[in-house]
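The opening residue of the sequence shown carries number 13 in the numbering used here; numbering runs sequentially from there. Ideal Cβ positions, reconstructed from N, Cα and C, are used throughout, including at glycine.
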Amino acid sequence: MVGLTIASWRQHRRRYVATFVAMLLGVGFCAATLSLIAAARAGAADAVAPQYGKTDVVAYPSDKSTTALVSRVSRLPEVAAAAEVRSAYVQIGWPAGHAPGSVAVTEMPASPALRWQALTAGKYPRGPDQVIVDANLAAAQDVTLGTHLFVGSGASPARTVIVVGLVAPARGAVGVSPIFTGPDALRRWLVSDTWGELDMRGSPGLSQSILAERVRSLAPGLAAVTADSLRQEALSSLTNQVDVIGRFLQGFAIVALLVAGLVIVNTFRIVMTQRIRDLALLRCVGAARWQVFTISVGEAGLLGVCAAAVGTGAGIGLSALLVAAANRSSVDVPLSSVAPGMTTLVLPFVGGLMMVLAAAVAPAWWASRVAPLTALSQVAPVTIRSRAGAGQAGLGVLLGVVGSMLLAVAVQSGRLMPGIAGGLISFVGVLLLTTIVVPAAIRLAGNVVRVLPRRWRGGVPLELSVLNATRNPRRTAATAGALLVGVTLMSMMSVGAASVSATESGALDRVAPVDLTVSGGAVTQRLLEATRQVDGVRRVAALDGLRVQTGHRHLLVGSLSVADAKVIRDPELRAELARAGVVVVPVGSQAQLPHGSKPFTLRAGGGVAVRVTPILSSLIGGPMLVAPAVLEGLGGHPRPVALFAELAAHADPQTAVAGVQDAIAAASPARPLVVAGGFAKRSTYDRTIAMLLLVATALLGVAVVIALVGVGNTLSLSVIERTREHGLLRALGLTTGQLRLLLANEALLMAGSAALLGTALGVAYGWAGTLTLLQGATTTSPTLALPLARLLLIVGVAVAAGVLASVLPSRRAVRLSPTAALSAD
13 MVGLTIASWR QHRRRYVATF VAMLLGVGFC AATLSLIAAA RAGAADAVAP
63 QYGKTDVVAY PSDKSTTALV SRVSRLPEVA AAAEVRSAYV QIGWPAGHAP
113 GSVAVTEMPA SPALRWQALT AGKYPRGPDQ VIVDANLAAA QDVTLGTHLF
163 VGSGASPART VIVVGLVAPA RGAVGVSPIF TGPDALRRWL VSDTWGELDM
213 RGSPGLSQSI LAERVRSLAP GLAAVTADSL RQEALSSLTN QVDVIGRFLQ
263 GFAIVALLVA GLVIVNTFRI VMTQRIRDLA LLRCVGAARW QVFTISVGEA
313 GLLGVCAAAV GTGAGIGLSA LLVAAANRSS VDVPLSSVAP GMTTLVLPFV
363 GGLMMVLAAA VAPAWWASRV APLTALSQVA PVTIRSRAGA GQAGLGVLLG
413 VVGSMLLAVA VQSGRLMPGI AGGLISFVGV LLLTTIVVPA AIRLAGNVVR
463 VLPRRWRGGV PLELSVLNAT RNPRRTAATA GALLVGVTLM SMMSVGAASV
513 SATESGALDR VAPVDLTVSG GAVTQRLLEA TRQVDGVRRV AALDGLRVQT
563 GHRHLLVGSL SVADAKVIRD PELRAELARA GVVVVPVGSQ AQLPHGSKPF
613 TLRAGGGVAV RVTPILSSLI GGPMLVAPAV LEGLGGHPRP VALFAELAAH
663 ADPQTAVAGV QDAIAAASPA RPLVVAGGFA KRSTYDRTIA MLLLVATALL
713 GVAVVIALVG VGNTLSLSVI ERTREHGLLR ALGLTTGQLR LLLANEALLM
763 AGSAALLGTA LGVAYGWAGT LTLLQGATTT SPTLALPLAR LLLIVGVAVA
813 AGVLASVLPS RRAVRLSPTA ALSAD
């Protein structure tokens, strides 16, 4: 049987090349997806929590006396390095021309093994009189190496420190200070209000969980958390403690396996079906059924091992190149280096091999069970009128209904696995129904063309292409199925990413309705104009306000005109500001309410009283807000009391805040003003979404290639199958140009049908995935966002790919002379 297997490989090497390429791309897609997922997840976690990059375990002592605890921890044989890290908010005096501000300062660990800060210039601080500064903050405040800063806290006297180094920006990080100093510096600066932690690095090869348990045993009630847990917690905090990023990438990995499996199974099924006559001939010369079955499955296994090994290596190599290119480009996305693990090595290899064996079993079993003389005759296609066709259609409908029910369960519960199972089951049902749907769509397109004037119909090639595309539903469905997978995947990811982004953007509008607020003192026209000139500021609005009284309390209230209210991102909050009888209360002003959330009366100096109901908001900074009509009804002489600013999407938070502080310093207000807002959180979210879209775009590019090769494979095999038919058409007078046009029209009809069906499925699956991912992750109602330009581009690329895939098969078809084609087996 080994000799027969080798001979079969030589005889059908071109067909096996098509299968090998499909397997290579499918397995490579899985390996690249898993590698990029690992790099993206690790990179995102490192980006939002870089302070744990060199740490294995973090402990939080219950009191501030941690010197003895550090000594005990350092003596543990499992601990390679340990250090106490303390932080505090400190008043920083910048160089001349920049307004002072309160900035978080963190002591660096004494052990170099725990230093995660990446120096871009200078050196690390060695004492309390030296600091290093975030490079972005340094550029915004005109700080360079050797610059002297003034630091102080509360009533403590100011202290002069020197900048000895600059560190790489930690943009998007959660809880990372922009200024670092030496060990024990905050105590010497006489800063009393500090917070801290104990960072530890374990011995090589020791797991973080074991080290955490060993540290907890040192003191009762000692909180010790692994660094991996802290990184994932910081990553989940971007979306209200729900790991949307992890769930998104997990779903993409499973979808990648589906894409690879469908392409492999589709291609191999066609190859094995076309070999039924050869296998039946073996039966005629004496081969037993089990021998035919073993030969077929053995060929598939050998081919699967070779293709899976090459595909796994190629996928990991491709992901490494993509990560290296992304890290060297100007695209600001966090991607870690590719480190192949057991999952990325074993899962694609084993999955690809199992898929090939599964694809070969059914055709091999079918060929071994068919009587030799029956199998040597022409195999008739399965139609809907046959028992097999009706059974396939019924199974497709059943799987579609079951899958849809599972999707509904996933949408209601927010559980990812039922959603993935429902999507896979329903999509398999759709693939079973393509033998009905795709030919019907092609016939409909042919009928539409017949209505057109004769000179626009395309002549004989178009008529023949419609007949050929609908004559063999199985072949047509197999050809369209390869492209259907890619189009559905691309459309699903595009709609899902756009919908998640739009929904989370709406949620951020509620959490951070105003990007920057300037309040706490007099606001002049000069300050307003200076703020408008700050780089990154898109729109600025001044709030007119009054001092009013409620009971024995004095409050500051302000209002925005309808035009200026556009600076507030939350449309619901803008609607509240237009209502009379309500007062919108910022976060910092809620303690000033006389009766909590109950209505109260505002009185102005003229004695006018207005009854209002407080509406608690997420505004950070600024006065309480009332409708313009309410402020006007209170009388008095309103004056500008605050500024609201909206920043551009590309703006850097630190640079924008520094620019606004410079504008404040240049305007010389009567009293210091406070700059606050929620743009930093929005910037972090936008950066994470950019990372996801970059990964998805790279993977979708591979999916396009897979779809292109899948269509090319099935068309090539179809041309081989119809060699004698093409020879007969040539003998009857069909020219080589018309034959090329016939095959191109076939590909166009099948690709167009697959593109439209795939786009509709992608929109449905993308919306269902969005509802599942966001269930419980946000209080904002999910928003369906249809990126029409991208969807049209996907359809156009799919149709172009289908036509392009017909080029090589058509070249082979026209190379054979009619005589050679008619004599071919």
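Based on Cα-Cα distance, which residue from the options lies nearest to residue i?
i: ARG544; options: GLY808, LEU659, TYR777 and GLY493; result: LEU659
i: LEU740; options: THR782, ALA797, LEU761 and VAL826; result: VAL826
i: PRO611; options: GLN604, VAL599, PRO181 and THR625; result: THR625
i: THR795; options: HIS160, GLU516, PRO465 and LEU419; result: GLU516
i: ASP211; options: VAL70, LEU365 and ALA641; result: VAL70
i: PRO216; options: ALA92, LEU769, GLN561 and PRO430; result: ALA92
i: ARG213; options: MET429, LEU783 and GLU96; result: GLU96
i: ALA743; options: ILE432, VAL669 and PRO830; result: PRO830
i: GLY608; options: ALA616, VAL596 and VAL523; result: VAL596
i: GLY412; options: VAL423, VAL440 and LEU746; result: VAL440
i: ALA321; options: ASN757, ALA756, VAL39 and THR613; result: VAL39
i: GLY323; options: LEU36, ALA312 and PHE32; result: LEU36
i: ARG824; options: ASN757, VAL731 and VAL560; result: VAL731
i: PRO419; options: ALA780, ASP582 and GLN129; result: According to the sequence shown, residue 419 is Leu rather than Pro. That would be ALA780, whose Cα lies nearest to the Cα of LEU419.
i: VAL546; options: LEU614, LEU161, VAL599 and ALA668; result: ALA668
i: ASP205; options: SER477, THR500, ALA817 and ALA116; result: ALA116
i: SER531; options: ARG455, CYS296, ALA654 and GLY105; result: ALA654
i: THR782; options: ALA514, ALA54 and ILE448; result: ALA514
i: LEU88; options: ALA312, GLU225 and LEU131; result: GLU225
i: VAL102; options: GLY134, LEU202, LEU800 and VAL423; result: LEU202
Since residue i contacts residue j with CB under 8 Å, what's their CB separation in whole angstroms?
i: VAL442; j: LEU773; result: 6 Å
i: VAL620; j: GLY647; result: 5 Å
i: THR771; j: SER503; result: 5 Å
i: PRO195; j: ALA122; result: 5 Å
i: VAL526; j: LEU540; result: Wrong, their Cβ atoms sit about 16 Å apart, outside the cutoff.
i: THR446; j: LEU407; result: The pair is not a contact, with the Cβ atoms about 13 Å apart (cut-off 8 Å).
i: LEU5; j: SER822; result: The chain is shown from 13 up to 837; residue 5 falls before or after that span and cannot be answered.
Can you tell me where the beta strand (DSSP E) holding residue i begins and where it ends?
i: ALA93; result: 91 to 105
i: ARG138; result: Run containing ARG138: none; DSSP gives neither H nor E here.
i: VAL69; result: 69 to 72
i: GLY645; result: First-last for GLY645: 640 to 645, but that is the alpha helix (DSSP H), not the beta strand (DSSP E).
i: LEU8; result: There is no way to answer for residue 8, as the model of the chain reaches only from 13 to 837.
i: ILE174; result: 171 to 179
i: ILE627; result: 621 to 628
i: ARG615; result: 612 to 615
i: VAL227; result: Segment 220 to 228 is the alpha helix (DSSP H) holding VAL227; no beta strand (DSSP E) there.
i: LEU161; result: 160 to 164
i: ALA587; result: Segment 583 to 589 is the alpha helix (DSSP H) holding ALA587; no beta strand (DSSP E) there.
i: VAL188; result: Careful: VAL188 lies outside any beta strand (DSSP E) and carries neither H nor E.
i: ALA688; result: 686 to 688
If we call anything under 9 Å between Cβ atoms a contact, is residue i one with residue j?
i: LEU555; j: PRO652; result: yes
i: VAL574; j: LEU558; result: no
i: VAL68; j: LEU223; result: Going by the sequence as given, residue 68 is Asp instead of Val. Their beta carbons are under 9 Å apart, which means ASP68 touches LEU223 by this criterion.
i: VAL82; j: TYR136; result: no
i: THR193; j: VAL143; result: yes
i: ALA44; j: GLY327; result: yes
i: ALA492; j: ALA763; result: yes
i: ALA376; j: SER308; result: yes
i: GLY633; j: ALA577; result: no
i: ALA180; j: GLN220; result: no
i: LEU816; j: VAL499; result: no
Based on DSSP bridge pairs, tell me the residues matched to residue i.
i: LEU751; result: The partner list for LEU751 (beta bridge, DSSP) is empty, contrary to what the question assumes.
i: ARG651; result: GLY557
i: HIS662; result: According to DSSP, HIS662 bridges with nothing at all.
i: THR193; result: GLU119 and VAL143
i: PHE656; result: THR529 and ALA553
Starting from residue i, trace the alpha helix (DSSP H) in both directions and tell me its first and last residue.
i: ARG462; result: 428 to 463
i: THR206; result: Where THR206 is concerned, there is no enclosing alpha helix (DSSP H), given that its DSSP letter is neither H nor E.
i: ALA236; result: Segment 235 to 238 is the beta strand (DSSP E) holding ALA236; no alpha helix (DSSP H) there.
i: THR735; result: 735 to 743
i: PRO821; result: 819 to 827
i: LEU539; result: 537 to 544
i: LEU746; result: Note, LEU746: premise wrong, no alpha helix (DSSP H); not H, not E.
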